[in-house]
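Taking UniProt numbering, the leading residue of the sequence shown gets 1, the next gets one more, and so forth.
Structure record follows, encoded as structure tokens.
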Amino acid sequence: MTTASTARRSRARSPLHGGRFGLVAVLPFVAFMLLFAVYPLVQVVRMALSHVEVRNGQFLWDFGTLANFARMFDDALAMSSAVTTAVFIALTVPLTLVLGTLLAVLVDRSALFGPIARNLALWPAVVAPVVVSLIWLLILSPTVGVLNKVLVDLGLPAQGWLGSEVGAMASIILVDVWHWTPVVFLLVYTALKGIDDQIIEAARVDGASEQQIFWRVVLPLLTPALAAAALIRLVMGVKAFDEMYLLTRGGPNDATTLVSLHIRNVFFDRLELGYGAAFSLAVVVFVIAGLLVAVLVRRTVRQGGAAA
1 MTTASTARRS RARSPLHGGR FGLVAVLPFV AFMLLFAVYP LVQVVRMALS HVEVRNGQFL
61 WDFGTLANFA RMFDDALAMS SAVTTAVFIA LTVPLTLVLG TLLAVLVDRS ALFGPIARNL
121 ALWPAVVAPV VVSLIWLLIL SPTVGVLNKV LVDLGLPAQG WLGSEVGAMA SIILVDVWHW
181 TPVVFLLVYT ALKGIDDQII EAARVDGASE QQIFWRVVLP LLTPALAAAA LIRLVMGVKA
241 FDEMYLLTRG GPNDATTLVS LHIRNVFFDR LELGYGAAFS LAVVVFVIAG LLVAVLVRRT
301 VRQGGAAA
């Protein structure tokens with residue numbers, strides 16, 4: 001037996017040879033997912049199907065009931081929080097898409113100030129939500145707020161921006177758009193940099209104006225990036241919590257209580273763990289269903305366009 005054949009056999013028997021190395025390599029990730037994703041999900045499902053009470057520091061389970069899911073339809077605040085969240089998403093997602101795209105196009109066309117503007121445009125997204133909330137509290141405060149001081153200096157009456165239902169809703173929408181428009185900007189700006197200049201030049205040679213180039217050439221090429229940004233913003237809108245909790249706590253009169261705040265209140269203020277878990281699962285299922293529908297619609301549209 002030669003030395004080469006012996007080496008080949010030893011490599012074949014080694015656990016790091018071939019596909020077995022891949023299995024060994026992913027084991028830590030699988031263990032991590034089982035511990036921090038699958039197990040909590042199983043516990044949430046179990047809790048949603050149970051009546052759970054906390055007595056003397058212990059959990060008391062009464063398993064086998066769907067009452068928690070049925071209760072959602074009798075909870076007026078749950079339904080109103082769902083409507084408020086839908087309005088919040090319907091306003092913030094289009095606004096961030098439009099502003100992020102506009103900002104990306106302007107920065108892309110600015111040869112002199114492009115790098116500086118790009119860095120300035122990104123910084124709100126890297127600021128912690130707590131800091132964002134403090135900044136906007138200093139701006140919107142009815143007593144020491146910068147915005148009211150400007151109004152008073154102009155001879156206009158000060159406003160309670162966070163004290164009225166409409167004002168509070170408009171304020172959290174403004175804060176969310178300001179905070180997360182840079183995410184859309186980054187995705188669209190990256191997509192713009194990936195467009196071949198020859199395509200633009202060919203359109204100019206054919207006599208297309210700058211407006212026609214944008215609407216008929218550039219914008220269709222940005223569709224994948226815009227779709228990804230819309231999906232990301234949709235998920236972010238559903239789970240929006242930090243700024244709203246710190247700015248309004250869901251008030252006034254629950255006008256800014258999103259589903260995330262309602263779930264938090266059910267869990268930690270009312271200690272209704274089973275109902276909170278059921279409502280959380282319902283929100284997750286709704287979001288997943290919405291994403292699947294969006295993907296299917298997009299695929300159908302693309303197939304229809306290809307067939308045409």
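All residues carry an ideal CB built from backbone N, CA and C; glycine is no exception.
A quick note: this is a predicted structure, and the numbers were derived from the prediction, not measured.
- For residue 50, DSSP records a beta bridge to 63.
- With fewer than 16 other beta carbons inside 10 angstroms of its own, residue 56 counts as exposed.
- A direct Cα-Cα distance of roughly 12 Å separates residue 216 from residue 223.
- Going by DSSP, residue 139 is part of the alpha helix (DSSP H) stretching over 129 to 140.
- Here residue 43 carries a helix assignment [DSSP, helix/strand/coil].
- Each residue's CA atom was taken as its position, placing residue 117 and residue 97 some 18 Å apart.
- Less than 7 Å separates the beta-carbon of residue 85 from that of residue 258.
- With contacts defined by Cβ atoms closer than 7 Å, residue 103 and residue 121 form a contacting pair.
- For the pair residue 73 and residue 303, the Cα-to-Cα distance works out to about 38 Å.
- C-alpha of residue 180 to C-alpha of residue 20: approximately 43 Å in a straight line.
- In this structure, the CA atom of residue 294 is about 19 Å from the CA atom of residue 82.
- Judged by DSSP in its simplified three-state form, residue 233 adopts helix.
- At a Cβ-Cβ threshold of 7 Å, residue 243 and residue 131 do not count as neighbours.
- Sorting 288, 289 and 267 by C-alpha distance to the C-alpha of residue 279 places 267 at the top.
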